Amino acid sequence: MVSNCISLGHHLHPHPHKHNHHSLSSLRFHTKAKTHHHVSYTAPSDAHHRSLKHSGWRDHNLSSSRSVNNFGLSRSGVIRPRLSAMTGSEVGDSGYDESQFDPTLTNDDLKPTKPSQRTFSWLDMSSLWIGLVVGVPTYYLAGSLVDLGMAWWQGIATVVAANLILLVPLVLTAQPGTMYGISFPVLARSSFGIRGAHIPTLLRALVGCGWYGIETWIGGEAIFLLLPAHIKNSALSHTLPWLGTSPLEFSCFIVFWLAQLCIVWRGMDGIRKLEKYAAPVLITLTSCLLVWSYVKAGGFGHMLSLSSKLTSAQFWTLFFPSLTANISFWATLALNIPDFSRFAKSQTDQIIGQVGLPVFMGLFTFVGLAVTSSTSIIFGRVISNPIQLLGQIGGLATTLLAILGISLATITTNIAANVVAPANALVNLNPKVFTFGRGALLTAVLGIVCQPWRLLKSSESFVYTWLIGYSALLGPIGGIVLADYYLIKKMKLNIGDLYSSSASGEYYYSKGYNAAAVVALVAGIVPVVPGFLHKVGGLSKISNGFVVVYDNALFFSFIIAGFVYWMLMSRLRTKQSSSSQPLLKNFCKLTAWGAYQFKERSLEEASSSTVMMKHLHRHEKEVINGFILDPSQTTIAKWIFTHYPETAVHVQSQDLALRTKDMNVLLDIFETLSYKKSCDISEAQLRHVSDNLSYLKRAGFKVEWLRAKFDDVSLNACEARIVKLKEEVKKQEQMVSYLKDMLKYEEAKLKKL
1 MVSNCISLGH HLHPHPHKHN HHSLSSLRFH TKAKTHHHVS YTAPSDAHHR
51 SLKHSGWRDH NLSSSRSVNN FGLSRSGVIR PRLSAMTGSE VGDSGYDESQ
101 FDPTLTNDDL KPTKPSQRTF SWLDMSSLWI GLVVGVPTYY LAGSLVDLGM
151 AWWQGIATVV AANLILLVPL VLTAQPGTMY GISFPVLARS SFGIRGAHIP
201 TLLRALVGCG WYGIETWIGG EAIFLLLPAH IKNSALSHTL PWLGTSPLEF
251 SCFIVFWLAQ LCIVWRGMDG IRKLEKYAAP VLITLTSCLL VWSYVKAGGF
301 GHMLSLSSKL TSAQFWTLFF PSLTANISFW ATLALNIPDF SRFAKSQTDQ
351 IIGQVGLPVF MGLFTFVGLA VTSSTSIIFG RVISNPIQLL GQIGGLATTL
401 LAILGISLAT ITTNIAANVV APANALVNLN PKVFTFGRGA LLTAVLGIVC
451 QPWRLLKSSE SFVYTWLIGY SALLGPIGGI VLADYYLIKK MKLNIGDLYS
501 SSASGEYYYS KGYNAAAVVA LVAGIVPVVP GFLHKVGGLS KISNGFVVVY
551 DNALFFSFII AGFVYWMLMS RLRTKQSSSS QPLLKNFCKL TAWGAYQFKE
601 RSLEEASSST VMMKHLHRHE KEVINGFILD PSQTTIAKWI FTHYPETAVH
651 VQSQDLALRT KDMNVLLDIF ETLSYKKSCD ISEAQLRHVS DNLSYLKRAG
701 FKVEWLRAKF DDVSLNACEA RIVKLKEEVK KQEQMVSYLK DMLKYEEAKL
751 KKL
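When the letters of the sequence shown are read in order and numbered with the numbering used here, they come out as residues 1 to 753.
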């Protein structure tokens, strides 16, 4: 067993006067595997344990090679004399050093989620989708396919195919939310820049506000159904030309609008609870509607007897725009799903929960198509609007039950799908002014400004103008975000820099904006504009090519924007990488602490004499085995390379700056494990060290010897905590014994009275 405090010699220690250490040659680490040393370092709570245990959280907590704040490193990549950032008191419950976050870029709603906040199980995620799917717009979308001429089976096939396609970007976008605990506005900073992230989040928020207004209007229509006939026929029901609707309908809209705010104000936990308890109610009510149509139509044979009105050529002409519209239907959620997946307990929970989308969409679409088809038999005409259908059914009990169903369906869909993203976007825009509640309130107000009663003119305008139209805005954003995270960043994010407005930050780009993302966004939108203008009447005639592009707007904009972004960023990174090597050679012997920033894009800036003089330092840099090191690090590094020569032989990166940062991580771990007593190392520090070791292993470092040391220190720390707990238990037992004696004394005293 290695002693609790192993040192490197007083001549190497940052504070030699505080310790009497053995010589460097006496230092050895145990390298034998000790399986019993693998103990848990998680907090006692089960939620914390699960959040660290599952893939995508523990091993990637500090996965970025440039997460310098989490390693206690300076911006220049050099180890500070003492690593204050590693102390347990300064590391937040989320696992990141939140004290380093720029207050202008964060608040409680934007910070990475803490383990205690990760409460969404796969059942909660599935319930979320049930609440989202079971709604009037989904029913209306399914019914519109029948209204446009499709047979019921063609409609189901179209919907299921669309949602299976959507499931891919949905899961891919949700992954960073669960891995890093960040919301979509924060994730967008990686690709668009710290300031540029406002562009995609506000575009997404604009669409969300429109949807919020539409859903709220539907809920208001349900309340309108409940009113007595004499009120519906009064003067209040007459349409005002300047308003576009009647005062009575507008009042019902406002009542429903206010009811939703009560739930929104409770935040994410209120939304989760509502979704969980509303899901079984919605399923029951939907089943009742299906049973009613089954009885009235005379069985499924009659219900589904409505055949397709389309020829083969006509069907395929309708299929692709309908496929695009169905994908666009949930394109908003495909973007901001990290807002929900950040609360998932694990990647497994979020993935299993996401699979519920195509399943529930297929089932609810069947109900919508079957009931809509049955209306042609029951009423002699197709009724695709469920509210109009409920008005035809009649009966007070039926109406009340229907109002309950529509209200629950609308509220659960509207809050989860259309409030969370716009609210988070506004919080991201100005964290000091907006909280989630304030952002949600402004979203609700903008939902009124959008005048949803004007958006719901017909099923054709709903599908072709609204759904396909806004897909041209969201498609490019999705392509850029996914291309950045998976192709450019390789799933490695620097959480510290996502919350940093420093010009040397990784995501600062040019004044906080990434020009490549903006260019790619425009490139994805422009080809769709002629088709959109043609649909709304702005252009009378366009070529068939633009019509095809618009009918498949989501696909074209997604692919074009993603490809353009990948090309621009790849060329930029290649150019910067090639220009960095000669600069590094010139800077290696300069007396500069931070004359060259360990960011590829910053090397050219660092060549200016102003920057070099600003960061001038009295010590010279040295290059050892391809790593740039401070003189205070060289002795330790040479010792490591001498005793463990395989440590850095297989490092994957050939970039000198990146290699040096990785070495700083290694030296940081070495210092933490060697200069401190095991009993003085907190659980938070042990988790950080474990995360860093996992990262180094993935980067190609051979750190088995350091892992063995970590196991020894961890075991000693665990044993020390056990001793302390036993002492505390003993004290508490003595206190309990004393209290029992006092209780007996008081009881005896009471009997004498």
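We put the beta carbon where it would ideally sit given N, CA and C, even for glycine. What you are looking at is a predicted structure, and each value in this text was computed from that prediction instead of being measured.
Helix, strand or coil at Thr106 [DSSP, three-state]: coil
Assigned secondary structure, Ser293 (DSSP; H/G/I helix, E/B strand, else coil): helix
Leu310 versus Val160: straight-line alpha-carbon distance, rounded: 20 Å
Classification of Thr324 by the beta-carbon crowding that lies within 10 angstroms, buried from 16 upward: buried
Where the alpha helix (DSSP H) containing Glu622 begins and where it ends: Glu622 -> not in any alpha helix (DSSP H); beta strand (DSSP E) instead, spanning 622-624.
Reduced DSSP secondary structure (H/G/I, E/B, other) of Thr311: coil
Ala748 burial status per 10 Å Cβ neighbour count (16 or more: buried): By the 10 Å Cβ count, Ala748 comes out exposed.
Sub-8 Å separation of Leu335 and Gly135 beta-carbons: In this structure, Gly135 does not lie closer than 8 Å to Leu335 by Cβ.
Exposure of Val528, with buried meaning 16 or more beta-carbon neighbours within 10 Å: buried
Distance between Gly298 and Ser144 (C-alpha atoms, nearest Å): 23 Å
For Tyr757, the residue or residues it bridges with in DSSP: As shown, the chain starts at 1 and ends at 753. That puts residue 757 outside it, with no answer to give.
Beta-ladder partner(s) of Phe120, from DSSP: In the DSSP output, where bridge partners are listed per residue, Phe120 has Ala344.
Cβ-heavy atom distance, Thr332 to the ligand MN, below 7 Å: The ligand MN is not among the ligands present in this structure, which contains no ligands whatsoever.
Cα-Cα separation between Ile387 and Gly380, rounded to whole angstroms: 17 Å
Proximity of Thr365 and Gly155 at Cβ, strictly below 8 Å: In this structure, Gly155 lies closer than 8 Å to Thr365 by Cβ.
Contact check, Asp551 vs Phe320, beta carbons under 8 Å: Yes; because the gap between Cβ atoms is below 8 Å, this pair is in contact.
Which listed residue (Val649, Ala561, His643) has its alpha carbon closest to that of Asn625: Of the candidates Val649, Ala561, His643, the one whose C-alpha sits nearest the C-alpha of Asn625 is Val649.
Distance between Leu455 and Cys252 (C-alpha atoms, nearest Å): When rounded, the distance between both Cα atoms is 18 Å.
Nearest candidate by alpha-carbon position, reference Ala707, set Val736, Asp691, Val371: A quick correction: the sequence has Arg, not Ala, at residue 707. The option with the nearest alpha carbon to Arg707 is Asp691.
Stretch-stretch touch, CB-based, cutoff 8 Å, three pairs: the stretch 344-354 with the stretch 115-130: yes
Collapsed DSSP secondary structure at Ile327 in the structure displayed: helix
CA-to-CA distance, Leu533 to Leu539, given in whole angstroms: 6 Å
Proximity to Asp349 [Cα-Cα], best of Arg118, Met491, Lys489, Lys490: Closest by alpha carbon: Arg118.
Euclidean distance between Cα positions of Ser543 and Leu172: 35 Å
Contact the stretch 187-205 vs the stretch 399-407: 3+ CB pairs below 8 Å: Result no; under three Cβ-Cβ pairs closer than 8 Å.
Other residues of its chain near Ser407: CB distance less than 7 Å, five sequence neighbours each side excluded: Gly219, Ala222
Cα-Cα separation between Arg438 and Gly244, rounded to whole angstroms: 28 Å
For Ala595, three-class secondary structure by DSSP: For Ala595, the pLDDT reaches just 33, beneath the cut-off of 50, and the residue's location in the model is therefore unreliable, leaving the point undetermined.
Closest residue to Ile130 among Phe627, Gly353, Ser328, Val623 (Cα-Cα distance): Gly353
Nearest residue (CA-CA) to Ile337, options Phe120, Leu693, Trp566: Phe120
Terminal residues of the beta strand (DSSP E) in which Leu629 lies: 627-629
First through last residue of the alpha helix (DSSP H) which encompasses Phe710: 704-752
Residue of Asp339, Val548, Gly475, Phe184 minimising C-alpha distance to Leu318: Val548
Contact under 8 Å by Cβ, Thr332 with Leu474: Yes, these two residues count as a Cβ contact at 8 Å.
Assumed close pair Ala561, Pro476 - CB separation to whole angstroms, cut-off 8 Å: 3 Å
Contact belief for Leu739 with Asn428 at Cβ below 8 Å, rounded distance in angstroms: 52 Å between Cβ atoms; not a contact.
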